[in-house]
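In this text, residue positions in the sequence shown follow my numbering: the first is 1051, and each later residue adds one.
All C-beta atoms, glycine included, are put in the ideal place defined by N, C-alpha and C.
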Amino acid sequence: MEYSIRKATKNDVKNLAILKQKVWDETYRGIYSDDIIDNFDYEKSEESFQSLINNKDISFYVVESNEELVGYMDVGIPIRKFDNYEQEIGLLYLRKDFQKIGIGKELFVLGYNKIKNNGYNKFFISCNKYNTNARKFYEKMGGQLVAEDDDNENKRIVQVKYHYDIK
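Rendered as structure tokens:
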């Protein structure tokens, strides 16, 4: 399967929003309410992606295959502060049909090296507590669970955090 990883541009925001809805449908159906997935706010998502792409403290990457976006990741200052961490790999998402072939690991290593090259010695990754596939992946990448939210009726807000040391 051919693909490339590149920095996101403002021209990607519409396709990023479309991809995000697809990934949410594949990943979070049964975790998030159907209403949130079925009534996805594309405009709000586009604004959010535009903000990330414009943020000088964040590097935002997309995965492209056959001129279609199939994944994305941001790395840099935390979108939501956590403890005393100054760096995170965030929003690491891939369509299901592009998972388990090494792209996620390639994105992770790209993020890891970006943080390392910027002189940091640790970072964290946050993910939904009920996203078991992501959790297994982050643990496989060496993550140590350092925080876990209590269960909540609104499963969308329940997070876990993984710590990584830069070696």
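>> Using CA atoms only, rank isn't needed, just tell me which of K1072, K1060, I1055 is closest to K1146.
In response: In terms of CA proximity to K1146, K1072 leads the group K1072, K1060, I1055.
> Buried or exposed: where does M1123 fall if 16 or more other Cβ atoms within 10 Å of its Cβ makes it buried?
Replying inline: By the Cβ-count criterion, M1123 is buried, with 16 or more other Cβ atoms from all chains shown falling within 10 Å of its own Cβ.
> Considering K1150, what are the terminal residues of the beta strand (DSSP E) in which it resides?
Replying inline: Premise fails: K1150 is in no beta strand (DSSP E) and is neither H nor E.
> Which full runs of the beta strand (DSSP E) of 3+ residues lie inside the stretch 1059-1086, going along the chain?
Replying inline: The qualifying runs do not exist here; there are none.
>> Spatial neighbours of N1202 within its chain, please: C-beta separation below 7 Å, excluding the five flanking residues on both sides.
In response: Hits under 7 Å: V1208.
> Who does D1215 pair with in a DSSP beta bridge?
Replying inline: Answer is K1172, bridged to D1215.
>> Given a cut-off of 8 Å on the beta-carbon distance, is the pair Y1188 and K1205 in contact?
In response: With contacts defined as CB atoms closer than 8 Å, Y1188 and K1205 fail to qualify as a contacting pair.
> For W1074, which option in K1064, I1086, V1063 has the closest C-alpha, if you only look at C-alpha atoms?
Replying inline: The shortest CA-to-CA distance from W1074 to any of K1064, I1086, V1063 is the one to I1086.
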